[in-house]
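Asker: In terms of full-length UniProt numbering, the sequence shown opens at residue 1 and continues consecutively. Every residue, glycine too, gets a C-beta built ideally from N, C-alpha and C. Note that the coordinates shown come from a computational prediction; the quantities given were computed from them, not determined experimentally.
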Amino acid sequence: MSGLDELSVGAALRNDRKDSNAMDLSDGLIPRALKHLFSLLEQASIDVKTVVRASYCEIYNEQVFDLLNPGSGGLNVRWNARVGFYVQDLLVVRCDSLSDVLAVVAEGHRNRRVASHKTNADSSRSHSLLTVHVDRTETRDSDSGKSNGITRYGKISFVDLAGSERLKETKSSNAEETSNINRSLLTLGKVISALAISSTGGNAGAASVGSFIPYRDSKLTKLLMDSLGGQSLTLMIACVSPSAVALEDTLSTLNYATRAKNIRNKPVVQVDPIELELNNLRHENHVLRTENHALRLRLQLAGPMSNQSANQFLRQPSLASVSPLRRNQLQVLQDDHDKLTQRALVAEQRLQKIEAENRSFRQRQNGMSGPNNEMRYLREQVQQLQQREQELMQALVLSTKSRAAR
Numbered sequence: 001m002s003g004l005d006e007l008s009v010g011a012a013l014r015n016d017r018k019d020s021n022a023m024d025l026s027d028g029l030i031p032r033a034l035k036h037l038f039s040l041l042e043q044a045s046i047d048v049k050t051v052v053r054a055s056y057c058e059i060y061n062e063q064v065f066d067l068l069n070p071g072s073g074g075l076n077v078r079w080n081a082r083v084g085f086y087v088q089d090l091l092v093v094r095c096d097s098l099s100d101v102l103a104v105v106a107e108g109h110r111n112r113r114v115a116s117h118k119t120n121a122d123s124s125r126s127h128s129l130l131t132v133h134v135d136r137t138e139t140r141d142s143d144s145g146k147s148n149g150i151t152r153y154g155k156i157s158f159v160d161l162a163g164s165e166r167l168k169e170t171k172s173s174n175a176e177e178t179s180n181i182n183r184s185l186l187t188l189g190k191v192i193s194a195l196a197i198s199s200t201g202g203n204a205g206a207a208s209v210g211s212f213i214p215y216r217d218s219k220l221t222k223l224l225m226d227s228l229g230g231q232s233l234t235l236m237i238a239c240v241s242p243s244a245v246a247l248e249d250t251l252s253t254l255n256y257a258t259r260a261k262n263i264r265n266k267p268v269v270q271v272d273p274i275e276l277e278l279n280n281l282r283h284e285n286h287v288l289r290t291e292n293h294a295l296r297l298r299l300q301l302a303g304p305m306s307n308q309s310a311n312q313f314l315r316q317p318s319l320a321s322v323s324p325l326r327r328n329q330l331q332v333l334q335d336d337h338d339k340l341t342q343r344a345l346v347a348e349q350r351l352q353k354i355e356a357e358n359r360s361f362r363q364r365q366n367g368m369s370g371p372n373n374e375m376r377y378l379r380e381q382v383q384q385l386q387q388r389e390q391e392l393m394q395a396l397v398l399s400t401k402s403r404a405a406r
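1. Straight-line CA distance for N255 to L186?
2. Take the Cβ of A121 as the centre, count every other Cβ of all protein chains shown within 10 Å, and call the residue buried at 16 or more, exposed below.
3. What are the partner residues of G84, as DSSP defines its beta bridges?
4. With a threshold of 6 Å, establish whether the CB of E357 neighbours any heavy atom of the ligand ATP.
5. Alpha carbon to alpha carbon, how far is V52 from N69?
6. From the DSSP output, read off the bridge partner residues of S99.
7. Please look up how many angstroms separate the CB atoms of G154 and Q231, rounded, as I've assumed it's under 8 Å.
8. Output yes or no for whether 7 Å exceeds the beta carbon distance between S218 and S252.
9. How long is the line joining the alpha carbons of I59 and A162, rounded to whole angstroms?
10. Tell me the DSSP bridge mates of T131?
11. DSSP state of Q270, grouped into three classes?
12. What do you reckon, are the CB atoms on C95 and A44 nearer than 7 Å?
13. Spell out the partners DSSP gives A175 in its beta bridges.
14. Which residue's Cα is closest to the Cα of N180: H127, E291, V159, V134?
15. Which word fits T139, buried or exposed, when buried means at least 16 other C-beta atoms lie within 10 angstroms of its C-beta?
16. Measure the alpha-carbon distance for E62 versus S157 and round it to whole angstroms.
17. Would DSSP call Q43 helix, strand or coil?
18. Could you check how far apart the C-beta atoms of T151 and T137 are, in whole angstroms? I think they sit under 8 Å.
19. Mind checking whether T234 and S227 have CB atoms under 7 Å apart?
20. Go to T234, then tell me how far its beta strand (DSSP E) extends in each direction, as first and last residue.
21. Are the Cβ atoms of A260 and M236 separated by less than 7 Å?
22. Here's the rule: buried if 16 or more other CB atoms are within 10 angstroms of the residue's CB, otherwise exposed. What is S99?
23. Tell me whether I30 is buried or exposed, calling it buried when 16 or more other Cβ atoms sit within 10 Å of its Cβ.
24. Which residue marks the beginning of the beta strand (DSSP E) containing D226, and which one marks its end?
25. Given a cut-off of 7 Å on the beta-carbon distance, is the pair A196 and N265 in contact?
26. Here's a check: name, in chain order, each residue in its chain whose Cβ is nearer than 7 Å to the Cβ of residue 445, leaving out the five neighbours to either side.
27. Within the same chain, show all residues whose beta-carbon is closer than 7 Å to that of V268, passing over the 5 residues directly before and after it, in chain order.
28. Using the Cα positions of D160 and A356, report the straight-line distance between them to the nearest angstrom.
29. Can you tell me the Cβ-Cβ gap for L129 and L223, rounded? I've got them flagged as a contact below 8 Å.
30. Alpha carbon to alpha carbon, what distance is there between T50 and V64?
31. From which residue to which residue does the alpha helix (DSSP H) around D249 run?
32. Mapping DSSP to helix, strand and coil, what is R388?
33. Could you check whether V134 and S124 sit closer than 7 Å to each other, using their CB atoms as the reference points?
34. Mind checking I46: buried by the 16 CB within 10 Å criterion, or exposed?
35. Going by alpha carbons, who is nearest to T289 out of R388, T250, L276?
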């Protein structure tokens, strides 16, 4: 709701029923969390526009599959500096109601790979990742009555981990499945251990200098990178058994959870830096307009328009005949003009920089050009302000010269 990333991880000993507890559509963890989310959205202010989107994928044999589009085949995990690791071409569905997102959960759960073996008749053969995006934009600022245009990008991720297995116990017919499950869980354990050591050393959620976090060793840890060691709130649910027969597995699961508990993240509200920069430029544009208006009011006392430069006029000997008071007023206006021009120049340079960065990013995003148009408009506004400032100063110079000649 506030633009934070959150992660819920389900971990269990072998053959435990944690997936049923999470996925049960009547009272499982995921439906309850989603019901709570939409109840909060219903209570939200009418001045906030909210868009909810969801995706659902699984990691099977170190390949990523879209559970909402089973025919798409294996998908690639890509990386870029702006979003980190992501699944390319993963279907993301807009959900306008609770029933929509529950339908996404049901469809994904139905397409997930399961199999039976000696110790579990309905064993998950993959890790699943349900991601719910919550984008919130204020349509009107509560103080000024105007929208600041900033969108906060919240995200909730639910991860159901496949349980580790021993072939001699499960008698599974697919040794490759078991091997890949155990390998990815081992890599996740290494990542958690490294992050826990880093956190206890004083770096919250980030690797200490010289340490190495093996995120790239598996698809699972790549996709959990921003949640485990980044700027998110993370919850791990460990399911254990009261049976003495499962003592070894219970201790292993608790040790796994204890290491995860030692990780310390620093949650940060997720805001698009381009939108933030645009908002700052809008504010600066407003400041320039305000100062320009103040300068115009001062010039109303000085007389008609002129085409002579203020800097040239200040160097003319005829200015000596102007009264000291008028000369001081002109100097103050000249100083204000110089400051305003400098700030406009800085704003122009910042606009050029952010425009170049935004153009490059939008080209990678199939040529979406909405923010480009807005920045082009802002740039034109700054140029118009600079031109008006020059005209106003020229008018002031001519008026002062005319009065001095009298």
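Answerer: On the basis of the coordinates in this document:
1. Walking along the sequence shown from the start, residue 255 turns up at place 255. Walking along the sequence shown from the start, residue 186 turns up at place 186. One C-alpha to the other measures close to 13 Å.
2. For the purposes of this step, residue 121 is taken as the residue at position 121 of the sequence shown. Reliability of the predicted coordinates at A121 is poor, the pLDDT of 49 falling under 50, and the value obtained from them is presented with this limitation in mind. Its Cβ having fewer than 16 others within 10 Å, A121 is exposed.
3. For the purposes of this step, residue 84 is taken as residue 84 along the sequence shown, with counting starting at 1. By DSSP's assignment, G84 forms a beta bridge with N80.
4. By its list of ligands, the structure shown contains no ligand whatsoever, and the ligand ATP lies outside what it can speak to.
5. Indexing the sequence shown from 1 puts residue 52 at position 52. Indexing the sequence shown from 1 puts residue 69 at position 69. Cα-Cα distance, rounded: 19 Å.
6. Taking the sequence shown and counting its residues from 1, one reaches residue 99 at position 99. According to DSSP, which records beta bridges pairwise, S99 is partnered with nothing at all.
7. The count along the sequence shown starts at 1 and reaches residue 154 at position 154. The count along the sequence shown starts at 1 and reaches residue 231 at position 231. Rounded to the nearest angstrom, the Cβ distance from G154 to Q231 is 12 Å, too far for a contact under 8 Å.
8. Taking the first residue of the sequence shown as 1, we reach residue 218 at position 218. Taking the first residue of the sequence shown as 1, we reach residue 252 at position 252. No, the pair does not count as a contact, with Cβ atoms beyond the cut-off.
9. Here the question's residue 59 lines up with position 59 in the sequence shown. Here the question's residue 162 lines up with position 162 in the sequence shown. Each residue's alpha carbon lies about 10 Å from the other.
10. As a first step, residue 131 is located in the sequence shown; it is residue number 131 there, counting from the start. Looking at the DSSP assignment, T131 forms a beta bridge with S55, S157.
11. Indexing the sequence shown from 1 puts residue 270 at position 270. Reduced to three states, the DSSP call for Q270 is coil.
12. To locate residue 95, count along the sequence shown from 1; it is residue 95. To locate residue 44, count along the sequence shown from 1; it is residue 44. Cβ atoms of C95 and A44: not closer than 7 Å.
13. Working through the sequence shown from its first residue, we reach residue 175 at position 175. Bridge partners of A175: none, in fact.
14. For the purposes of this step, residue 180 is identified with residue 180 of the sequence shown, where counting begins at 1. Closest option to N180, Cα to Cα, is H127.
15. Within the sequence shown, the letter at position 139 stands for residue 139. By the 16-neighbour rule on beta-carbons within 10 angstroms, T139 is exposed.
16. Here residue 62 is taken as the residue at index 62 of the sequence shown, counted from 1. Here residue 157 is taken as the residue at index 157 of the sequence shown, counted from 1. The alpha-carbon of E62 is positioned some 19 Å away from that of S157.
17. Along the sequence shown, read from residue 1 onward, the residue named residue 43 stands at position 43. Here Q43 sits in helix by DSSP.
18. Taking the sequence shown and counting its residues from 1, one reaches residue 151 at position 151. Taking the sequence shown and counting its residues from 1, one reaches residue 137 at position 137. Confirmed, Cβ separation roughly 4 Å.
19. Looking up residue 234 in the sequence shown gives position 234. Looking up residue 227 in the sequence shown gives position 227. Yes, the pair counts as a contact, with Cβ atoms nearer than the cut-off.
20. Working through the sequence shown from its first residue, we reach residue 234 at position 234. Taken as a continuous stretch (DSSP letters only), the beta strand (DSSP E) holding T234 covers 232-239.
21. By 1-based counting over the sequence shown, the position of residue 260 is 260. By 1-based counting over the sequence shown, the position of residue 236 is 236. The answer is yes: Cβ separation under 7 Å.
22. Counting from 1 along the sequence shown, the entry for residue 99 is found at position 99. By the neighbour-count definition (other C-beta atoms within 10 Å, threshold 16), S99 is an exposed residue.
23. What you label residue 30 is simply residue 30 of the sequence shown in a count that begins at 1. The residue in question, I30, is buried, as its Cβ has 16 or more Cβ neighbours within 10 Å.
24. Position 226 of the sequence shown, counted from the start, is the residue given in the question as residue 226. First-last for D226: 225-228, but that is the alpha helix (DSSP H), not the beta strand (DSSP E).
25. On the sequence shown, residue 196 is found 196 positions in, with the first residue counted as 1. On the sequence shown, residue 265 is found 265 positions in, with the first residue counted as 1. With contacts defined by Cβ atoms closer than 7 Å, A196 and N265 do not form a contacting pair.
26. With the chain represented from 1 up to 406, any question about residue 445 goes unanswered, as that position is not in the structure.
27. Residue mapping note: residue 268 aligns to position 268 of the sequence shown, counting from 1. Counting only residues of its own chain and dropping the five nearest sequence neighbours on each side, V268 has a CB closer than 7 Å to the CB of Q231.
28. Along the sequence shown, one-based indexing puts residue 160 at 160. Along the sequence shown, one-based indexing puts residue 356 at 356. Rounded to whole angstroms, D160 to A356 spans 41 Å at the Cα level.
29. Start at 1 with the first residue of the sequence shown, and residue 129 comes out as number 129. Start at 1 with the first residue of the sequence shown, and residue 223 comes out as number 223. Taking 8 Å as the upper bound for CB-CB distance, L129 and L223 are in contact here, some 6 Å apart.
30. The residue given as residue 64 occupies position 64 in the sequence shown. The residue given as residue 50 occupies position 50 in the sequence shown. V64 and T50 have their C-alpha atoms some 29 Å from each other.
31. The residue you call residue 249 lines up with position 249 of the sequence shown. Where D249 is concerned, the enclosing alpha helix (DSSP H) stretches over 247-261.
32. As a position in the sequence shown, residue 388 is number 388, starting the count at 1. Looking at R388 - three-state DSSP - the assignment turns out to be helix.
33. Along the sequence shown, read from residue 1 onward, the residue named residue 124 stands at position 124. Along the sequence shown, read from residue 1 onward, the residue named residue 134 stands at position 134. At the C-beta level, S124 and V134 stay beyond 7 Å of one another.
34. By 1-based counting over the sequence shown, the position of residue 46 is 46. With fewer than 16 other Cβ atoms within 10 Å, it is exposed.
35. Start at 1 with the first residue of the sequence shown, and residue 289 comes out as number 289. Correcting the residue identity first, residue 289 is Arg in this sequence and not Thr. That would be R388, whose Cα lies nearest to the Cα of R289.
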